[in-house]
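Residue numbers (this note's numbering), protein chains in the order written: chain A, 61 to 437; chain F, 1002 to 1273. Where is the CB? At the ideal position from N, CA and C, for every residue including glycine. In this text the structure is predicted, and so the values were computed from the model without any measurement. Structure record follows, encoded as structure tokens.
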Ligand SMILES: Cc1ncc(C[n+]2csc(CCOP(=O)(O)OP(=O)(O)O)c2C)c(N)n1
Ligand code: SF4
């Protein structure tokens, strides 16, 4: 069976992707440029027996999706800069309690109210480190409307399988841009569910890792009565401050990500023979980068291109692969230099780096990137 | 036959963390007895809390229990309830948890009229963090952050809940444990958002700093300084003045949120 072609905005594709992945609960608070995700799901969720709720603020929305996920519903919230900031404390709660959920941040200019209708990519580091304390982080950054659909599905899949929140970082440009996309028929994309317990309730321990580092998760109300707390806890779910339990618990949360890199990390590497320059980019800046690389080629300058789809965990190996080959890596991003620091950390001096940065509310243009290519060529 | 608390207390989880003389345990006891009175199924009951001394309560009881972030018991509860309206959801919170950091959630949950029962463990202070003033600390009282007396004015939980649209609103105290139990049961049975203002005590911080006597004196104070709203109507004004009113202030049938949402699902032809 072939899919259904539609002419969708990025935000609508995100909402449609969520439904495809089995999302049945959405809680949110309106904010430009993400609101269309909520509006779409307000219409569609009841038609599939799901629930939509507009909460009193983003803190409440984040709380509500965690509550719904504990009952066994795949849950989503969407927001932008200021609302993303408000979600941080409960995002950390989901990390520590290992409750799957997906958070969409359609990035806009900041800090503060910033540029509500202007595109930005300045929440890269917030997606990694925004909530307090050490914690795992997964962030995906699609660059087209079709990819917003598929990456939303993947965000749910990863979140369910690893029992950890996943952030989808889009931006105002691709969130509001319309493109023709194909919604795959049911069954074409794999859908994953969280691991659920196979032991009877009286033997269930909510953080039992004897079968692997991702403990099976029971739905509240299904007969497995257990305790969930944002305090550090032992395998039974109850609070502990025993150092010999807390340290391994925190390390395991990180290991869920570091031991599953092949499941999470996704990128595209376009190689040109003998290129001495490379570009690392993501999201809408990757679109401009692609155009700039074509223009450079017409001028006889070859440029390698690493397009990151997964931002966190950062695909270090791919950056190193590029640095081993080229002399100079250009990092276009709509912020004042966030991803470039991660590139530098990864390549540890194996190549020079330079940014193309813009935070004035206009996109980075291909010409801007081309100028930088010419400068370093 | 004596009440069998062991049926509801998780084995091995006592002693609790509460100070000797803290009234939170009394409120917990009323909640347990109320749940038993209503006959809620343990597997289908979820107890949600925020952060604070009161919010440690869910850890002791054998239900699906969720100890969340400070002030957020109600939005977490809302997610649980809307995701599975068949669950019985009870939220517990301290006065700071429910009304300061969680104040916005409090009024909006009242407005939404979702079928959750909230018990506010109202001890007029932030107990867990060592006795800072809360939104229910009376004007002029001492707290660690009001060393010269509280310049703020207190919220009245009952008035706030009624103003915000809660459909069941009551107040009792840790002295009046049986009426408290009855109100909680009534609140659970009520279809809609129920707020029970459970006046209790923090002898360790609030009591000591304001020289309110022993833990027993503080509980006894409720006996002498409250009057039931039914009785109040029949008493001469001088006997009511200055007293705290207790009882059921509102019990109103009005459409409940999940029921309303179910109608939307039905209207759109949705099926789960
Ligand atoms: C976001 C956040 N801010 C502050 C705190 C610190 N804190 C923990 S409990 C508490 C107050 C608790 O008071 P209350 O809710 O009245 O409950 P009680 O301890 O008196 O039962 C505060 C301020 C916190 N845990 N989280
Ligand atoms: S500090 Fe106060 S509220 Fe907390 S347990 Fe002690 S007496 Fe109770």
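Where DSSP assigns a beta bridge to residue i, which residues make up the other side?
{"i": "residue 1252(F)", "result": "1169(F)"}
{"i": "residue 1066(F)", "result": "287(A) and 1048(F)"}
{"i": "residue 83(A)", "result": "134(A)"}
{"i": "residue 111(A)", "result": "85(A)"}
{"i": "residue 64(A)", "result": "243(A)"}
{"i": "residue 293(A)", "result": "299(A)"}
{"i": "residue 370(A)", "result": "200(A)"}
{"i": "residue 1182(F)", "result": "DSSP lists no partner for residue 1182(F)."}
{"i": "residue 1133(F)", "result": "1127(F)"}
{"i": "residue 1246(F)", "result": "1228(F)"}
{"i": "residue 228(A)", "result": "164(A) and 200(A)"}
{"i": "residue 329(A)", "result": "366(A)"}
{"i": "residue 1198(F)", "result": "1121(F) and 1172(F)"}
{"i": "residue 415(A)", "result": "391(A)"}
Along chain F, which residues have their Cβ under 9 Å away from the Cβ of residue i?
{"i": "residue 87(A)", "result": "1076, 1079, 1080 and 1083"}
{"i": "residue 150(A)", "result": "1069, 1070, 1073, 1076 and 1077"}
What in chain A is Cβ-close to residue i, meaning under 9 Å?
{"i": "residue 1105(F)", "result": "116, 117, 119 and 120"}
{"i": "residue 1262(F)", "result": "106, 111, 112 and 113"}
{"i": "residue 1068(F)", "result": "287, 288, 289, 290, 291 and 299"}
Give the residues of chain F in contact with residue i, contact being defined as C-beta atoms less than 7 Å apart.
{"i": "residue 39(A)", "result": "Nothing can be reported for residue 39(A), as the shown portion of chain A is limited to 61 through 437."}
{"i": "residue 133(A)", "result": "1084"}
{"i": "residue 12(A)", "result": "No answer is possible for residue 12(A): the residues shown for chain A start at 61 and end at 437."}
Could you list which residues in chain F have their beta carbon closer than 8 Å to that of residue i, in chain order?
{"i": "residue 78(A)", "result": "Correct list: empty, because the minimum Cβ distance to chain F is about 15 Å."}
{"i": "residue 281(A)", "result": "1044, 1045, 1047, 1065, 1085, 1087 and 1088"}
{"i": "residue 164(A)", "result": "Chain F residues near residue 164(A): none, gap ~17 Å exceeds 8 Å."}
{"i": "residue 128(A)", "result": "1080, 1081, 1083 and 1084"}
Under the assumption that residue i contacts residue j (Cβ atoms under 8 Å), give the Cβ distance between them as a whole number of angstroms.
{"i": "residue 1146(F)", "j": "residue 1134(F)", "result": "6 Å"}
{"i": "residue 380(A)", "j": "residue 407(A)", "result": "6 Å"}
{"i": "residue 258(A)", "j": "residue 275(A)", "result": "Contact flag wrong, Cβ pair sits at about 12 Å."}
{"i": "residue 355(A)", "j": "residue 303(A)", "result": "57 Å between Cβ atoms; not a contact."}
{"i": "residue 239(A)", "j": "residue 268(A)", "result": "Not a contact, Cβ separation roughly 45 Å."}
{"i": "residue 1138(F)", "j": "residue 1123(F)", "result": "Actually they do not touch by this definition, with Cβ atoms about 10 Å apart."}
{"i": "residue 337(A)", "j": "residue 317(A)", "result": "So it is not a contact: roughly 31 Å between Cβ atoms."}
{"i": "residue 201(A)", "j": "residue 188(A)", "result": "Actually they do not touch by this definition, with Cβ atoms about 12 Å apart."}
{"i": "residue 1228(F)", "j": "residue 1241(F)", "result": "6 Å"}
{"i": "residue 1030(F)", "j": "residue 1178(F)", "result": "7 Å"}
{"i": "residue 1220(F)", "j": "residue 1024(F)", "result": "6 Å"}
{"i": "residue 1251(F)", "j": "residue 1158(F)", "result": "Contact flag wrong, Cβ pair sits at about 13 Å."}
{"i": "residue 1144(F)", "j": "residue 1210(F)", "result": "7 Å"}
{"i": "residue 136(A)", "j": "residue 166(A)", "result": "Rounded, the Cβ-Cβ distance is 13 Å, inconsistent with contact."}
Please list, in chain order, the chain A residues whose beta carbon lies closer than 8 Å to that of residue i.
{"i": "residue 1269(F)", "result": "106 and 107"}
{"i": "residue 1060(F)", "result": "287, 289, 298 and 299"}
Give me the chain A residues within the contact set of residue i, using Cβ-Cβ distance strictly less than 7 Å, ordered along the chain.
{"i": "residue 1109(F)", "result": "116"}
{"i": "residue 1266(F)", "result": "106 and 109"}
{"i": "residue 1272(F)", "result": "109"}
Is residue i close to chain C? Criterion is C-beta to C-beta, closer than 8 Å.
{"i": "residue 267(A)", "result": "The displayed structure is made up of protein chains A and F, and chain C is not among them."}
Does the beta-carbon of residue i, which I'm using as the reference point, lie nearer than 7 Å to any heavy atom of ligand 4?
{"i": "residue 190(A)", "result": "This structure lacks ligand 4; the ligands present are ligand 1 and ligand 2."}
Original post:
Among all residues, which have a Cβ less than 6 Å from at least one non-hydrogen atom of ligand 2, and in what chain order do they fall?
Top reply: Qualifying residues come out as 1019(F), 1020(F), 1023(F), 1025(F), 1054(F), 1124(F), 1128(F), 1129(F), 1203(F), 1204(F), 1205(F) and 1206(F).
Original post:
Between the stretch 230-238 of chain A and the stretch 165-184 of chain A, are three or more C-beta pairs nearer than 8 Å?
Top reply: Flag = yes, the stretch 230-238 of chain A and the stretch 165-184 of chain A touch.
Original post:
Are the stretch 1069-1082 of chain F and the stretch 1047-1061 of chain F touching by the rule of at least three beta carbon pairs closer than 8 Å?
Top reply: Three or more Cβ pairs drawn from the stretch 1069-1082 of chain F and the stretch 1047-1061 of chain F lie within less than 8 Å of each other, which places the two stretches in contact.
Original post:
For the 8 Å Cβ check, are there 3 or more pairs between the stretch 145-153 of chain A and the stretch 214-224 of chain A?
Top reply: The stretch 145-153 of chain A, when compared against the stretch 214-224 of chain A, does not touch it at the 8 Å Cβ threshold.
**OP:** For the stretch 1078-1090 of chain F and the stretch 1010-1020 of chain F, state whether three or more C-beta atom pairs, one from each stretch, are separated by less than 8 Å.
**Re:** When C-beta atoms of the stretch 1078-1090 of chain F are compared with those of the stretch 1010-1020 of chain F, fewer than three pairs fall below 8 Å, so the two segments do not count as touching.
Original post:
Are the stretch 132-152 of chain A and the stretch 377-393 of chain A touching, with three or more C-beta to C-beta distances below 8 Å?
Top reply: Contact fails: fewer than three Cβ-Cβ distances are below 8 Å.
Original post:
Would you call the stretch 219-226 of chain A and the stretch 90-107 of chain A touching, i.e. three or more CB-CB distances under 8 Å?
Top reply: Judged by Cβ distances under 8 Å, the stretch 219-226 of chain A makes no contact with the stretch 90-107 of chain A, as fewer than three pairs qualify.
Original post:
Per the contact definition of three or more C-beta pairs closer than 8 Å, is the stretch 1032-1045 of chain F in contact with the stretch 281-290 of chain A?
Top reply: Counting Cβ pairs under 8 Å, three or more are found: they touch.
**OP:** Determine contact between the stretch 1203-1216 of chain F and the stretch 1233-1240 of chain F, defined as no fewer than three beta-carbon pairs at a distance below 8 Å.
**Re:** Taking 8 Å as the limit for Cβ pairs, the verdict is that the stretch 1233-1240 of chain F does not touch the stretch 1203-1216 of chain F.
Subject >> Inter-stretch contact (C-beta, 8 Å, three-pair minimum) for the stretch 406-423 of chain A and the stretch 1003-1010 of chain F >> reply: The stretch 406-423 of chain A, when compared against the stretch 1003-1010 of chain F, does not touch it at the 8 Å Cβ threshold.
Original post:
Is the stretch 1102-1109 of chain F touching the stretch 315-326 of chain A in the sense that three or more CB pairs, one from each, lie closer than 8 Å?
Top reply: With the cut-off at 8 Å, the stretch 315-326 of chain A and the stretch 1102-1109 of chain F do not touch.
**OP:** Report yes or no: do the stretch 122-131 of chain A and the stretch 76-86 of chain A share at least 3 C-beta pairs separated by less than 8 Å?
**Re:** Flag = yes, the stretch 122-131 of chain A and the stretch 76-86 of chain A touch.
Original post:
Do the stretch 1187-1202 of chain F and the stretch 1111-1121 of chain F make contact, defined as three or more Cβ pairs closer than 8 Å?
Top reply: Touching, per the Cβ criterion.
Original post:
Counting Cβ pairs, one atom from each stretch, are 3 or more of them under 8 Å apart for the stretch 1171-1189 of chain F and the stretch 1028-1038 of chain F?
Top reply: Judged by Cβ distances under 8 Å, the stretch 1171-1189 of chain F makes contact with the stretch 1028-1038 of chain F, as three or more pairs qualify.
**OP:** Evaluate contact between the stretch 101-117 of chain A and the stretch 184-193 of chain A, counting only Cβ atoms and requiring at least three cross-stretch pairs below 8 Å.
**Re:** In this structure the stretch 101-117 of chain A does not lie against the stretch 184-193 of chain A, because fewer than three pairs of beta carbons, one per stretch, are closer than 8 Å.
Subject >> Meets three-Cβ-pair contact criterion under 8 Å: the stretch 1158-1166 of chain F and the stretch 1235-1244 of chain F >> reply: No: fewer than three Cβ pairs fall under 8 Å.
**OP:** Could you say if the stretch 358-372 of chain A and the stretch 332-345 of chain A meet the contact criterion of at least three C-beta pairs nearer than 8 Å?
**Re:** They touch, by the three-pair rule.
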